[in-house]
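Colleague: For any residue, its number in my numbering is found by taking its place in the sequence shown, counting from 1, and adding 4. Don't be surprised by glycine CBs; every beta carbon is placed ideally from N, CA and C. One structure, pasted below without further comment.
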Amino acid sequence: MTNCRRPWPCWSPTCRKRTCPARAPPPPRDNERRSANPARDLPGADVVSRPVDAWLEALLERDPNRIEPGVERCRRITRDLVGDRPAACVITVAGTNGKGSSVMMASAICRAAGYRVGSYTSPHLIDVRERFLIDGEMVDADALVRAFERIEGHPDSDALTYFEWLTVAAFLVFAEAGVDVWVLEVGLGGRLDAVNALDADLALITAIGLDHQDWLGEGREAIGVEKAGILRAGQPAVYVDPDPVDSVAQSAARLGADMLSLGTDFSVSADCPNPDEVEQPVFGLVRGTRVTCLPRPALAGRHQWNNAAGVVVLLQHPGSPLAIPDEAVRQGLETVRLAGRLERFVDRGRTVIFDVAHNVEAARTLAEALEAKPAGRRLAVFSALDDKPIESVVQVLADCFDAWWIAPLAEPRAAGIGRIESALAKAGVDRVNREADLSGAYNAALAEASEIDEIVVFGSFHVVGPLRARLDTRDNAGH
């Protein structure tokens with residue numbers, strides 16, 4: 005293919021141009037032949053110093069709640085360990101709500117298009133390896149340990165926070181595995197977040213809400229400036245927010261990013277001219293005069309249409325180095341999975357819904373998804389962290405439930421049970437059951453529920469994670 009017309013670098017999984025530097029694998033270590041799992045070719049790969057749990061215990065002693073905004077620490081260590089930029093297409097996702105969903109949709113679509121994909125999200129529900137996926141599967145524990153060991157060997161590793169350490173580990177794991185696409189979720193903000201240590205090839209900004217204002221500034225406009233910090237000059241980007249803030253568009257214009265926006269450059273519609281193109285229920289992605297019929301994502305909620313639209317427009321952006329056909333989009337949207345977002349299970353014959361909603365915008369999304377009433381009652385199991393807008397969240401959802409079960413979280417940042425009770429009282433909730441811990445709250449709600457009732461567990465990753473872990477997800481597949 006001497007006349008290849010693809011932009012460089014292209015990362016095309018079907019490219020036959022073997023001299024293309026973007027497709028050339030890194031040289032084998034110690035002149036040894038690289039195996040199918042590149043991480044296992046590291047020196048000493050057969051010897052793991054400490055298991056993942058022991059590493060995490062040591063990292064947690066650094067205080068996982070410590071936040072030190074700034075990218076220079078991660079950038080310096082990443083350059084030393086990975087290089088100036090990875091031989092992969094890097095996609096960065098920032099925003100307040102919809103980040104995790106967008107990461108998983110982008111990953112599923114890229115995989116359907118034939119790419120090998122690494123995805124990094126946070127936080128995790130049960131196992132820290134949920135944050136590090138390669139082609140949808142948690143990374144091998146030994147590969148993660150080897151990444152930790154390499155970081156520990158860097159003279160500046162002690163300066164990294166808990167989140168920064170995990171972020172650099174993600175970069176190392178994906179680089180060693182040689183995946184084609186990295187899809188990275190920003191942890192906090194964007195401009196000063198550890199993930200932003202890498203210059204992304206494609207950038208997505210999801211809906212912006214009021215969260216972490218102590219760090220990101222007062223109001224959505226100020227927060228938008230921080231989120232727009234992931235943008236770069238000439239970079240293809242998408243902003244998908246049904247209520248956009250001006251600061252994001254202004255930042256994109258100032259930088260010269262090639263950004264497309266929901267409501268201006270594309271939109272979604274419940275109407276689709278050719279619904280027969282897709283077997284399951286569809287929505288329309290409108291780009292100018294072109295309307296594409298797409299399957300509604302396999303993630304519950306009308307809000308996921310916007311998230312899906314943003315992902316598709318980004319991956320098919322005219323400036324994108326990726327080749328993403330419509331068929332890959334359809335397959336990815338039909339198969340995407342994400343734990344803890346309007347996730348439905350059955351426990352002892354009772355319907356249980358898990359959702360990590362913990363801010364006002366997410367609460368409104370949850371309330372919208374709960375508009376259809378169950379045959380019986382709807383019961384809430386709820387708790388929250390103290391830095392969340394508990395009063396506003398409860399106010400939004402007060403009328404959705406017939407009874408509430410609450411309990412304190414076993415976390416340093418946990419809200420006092422008195423604050424939660426006070427918030428519910430102010431919202432007019434008159435049936436509140438207080439338990440000593442989350443397990444007690446869940447068990448009490450489950451004991452009271454009949455087979456036609458519905459239990460909704462929400463308020464935080466720290467609520468959903470421990471309770472969801474009790475259920476056998478294999479038996480619940482498909483619910």
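Determine the contact status of Leu428 and Val398, defining contact as a CB-CB distance below 7 Å.
Modeller: Result yes, Cβ atoms of Leu428 and Val398 sit closer than 7 Å.
Colleague: Does the pairing of the stretch 437-449 with the stretch 330-337 give three or more beta-carbon distances under 8 Å?
Modeller: Touching, no.
Colleague: Is the stretch 364-378 touching the stretch 406-417, taking contact as three or more C-beta pairs under 8 Å?
Modeller: Judged by Cβ distances under 8 Å, the stretch 364-378 makes no contact with the stretch 406-417, as fewer than three pairs qualify.
Colleague: Between the C-alpha atoms of Ala312 and Val132, what's the straight-line distance to the nearest angstrom?
Modeller: Ala312 and Val132: Cα-Cα distance of roughly 26 Å.
Colleague: Does the distance between the C-beta of Arg354 and the nearest non-hydrogen atom of the ligand MN fall short of 6 Å?
Modeller: By its list of ligands, the structure shown contains no ligand whatsoever, and the ligand MN lies outside what it can speak to.
Colleague: For Gly99, collect the residues of the same chain with a Cβ closer than 7 Å to its Cβ; drop the 5 residues on either side in sequence, then sort them by chain order.
Modeller: The residues are Ile209, Thr210, Ala211, Ile212 and Lys231.
Colleague: Given this structure, state the Cα-to-Cα distance separating Ile234 from Gln254, to the nearest angstrom.
Modeller: Going by the C-alpha atoms only, they are around 14 Å apart.
Colleague: Taking the runs of the beta strand (DSSP E) that are 3 residues or longer, which of them lie wholly in the stretch 345-398?
Modeller: You should have 347-351, 354-359 and 382-386.
Colleague: Using only CA atoms, which one of Leu264, Ala367, Ile328 and Asp275 lies nearest to Ser464?
Modeller: Closest by alpha carbon: Ala367.
Colleague: State the DSSP-derived secondary structure class of Ala28, mapped to helix, strand or coil.
Modeller: Per-residue confidence for Ala28 stands at a pLDDT of 40, beneath the threshold of 50, marking its modelled position as unreliable; the derived number appears in the next sentence. Here Ala28 sits in coil by DSSP.
Colleague: Express the C-alpha separation of Leu475 and Asp57 in angstroms, rounding to a whole number.
Modeller: Approximately 22 Å, taken between the alpha carbons.
Colleague: When you compare only the Cα positions, how much space is there between Val467 and Phe386?
Modeller: Val467 and Phe386: Cα-Cα distance of roughly 7 Å.
Colleague: Determine contact between the stretch 83-92 and the stretch 177-186, defined as no fewer than three beta-carbon pairs at a distance below 8 Å.
Modeller: Output reads yes: the stretch 177-186 touches the stretch 83-92.
Colleague: Once DSSP output is grouped into helix, strand and coil, what is the label at Glu168?
Modeller: In this structure, Glu168 counts as helix in the three-state DSSP scheme.
Colleague: Check whether the Cβ atoms of Arg236 and Asp275 lie closer than 7 Å to each other.
Modeller: Not in contact: Arg236 and Asp275 (Cβ atoms no closer than 7 Å).
Colleague: Measure the C-alpha to C-alpha separation of Asp197 and Arg135 and round it to an integer number of angstroms.
Modeller: For Asp197 and Arg135, the distance between alpha carbons rounds to 16 Å.
Colleague: Which residue's Cα is closest to the Cα of Gly4: Thr293, Ala241, Pro393 and Thr339?
Modeller: An answer regarding residue 4 cannot be provided, because it is not within the stretch 5 to 483 covered by the chain.
Colleague: Nearest-angstrom Cα distance between Gly420 and Val436?
Modeller: The straight-line gap from Cα to Cα measures roughly 15 Å.
Colleague: Once DSSP output is grouped into helix, strand and coil, what is the label at Arg150?
Modeller: The answer is helix: DSSP assigns Arg150 an H, G or I state.
Colleague: For Leu298, count the other beta carbons within 10 Å of its own beta carbon; 16 or more makes it buried, fewer makes it exposed. Which is it?
Modeller: It counts as buried.
Colleague: Which residue comes first and which comes last in the beta strand (DSSP E) that contains Gly422?
Modeller: Counting along the chain, Gly422 falls outside any beta strand (DSSP E), though it belongs to the alpha helix (DSSP H) covering Ile421 to Lys430.
Colleague: With C-beta atoms as the reference, is Val107 less than 7 Å away from Glu168?
Modeller: Contact flag unset, no.
Colleague: Around the C-beta of Lys103, are 16 or more other C-beta atoms found within 10 angstroms, so that it is buried, or is it exposed?
Modeller: The residue is buried, with at least 16 neighbouring Cβ atoms inside 10 Å.
Colleague: Leaving out five residues before and five after Ala302 in sequence, what residues of the same chain have Cβ atoms less than 8 Å from its Cβ?
Modeller: Taken in chain order, the residues that qualify are Leu337, Glu338, Thr339, Val340 and Arg341.
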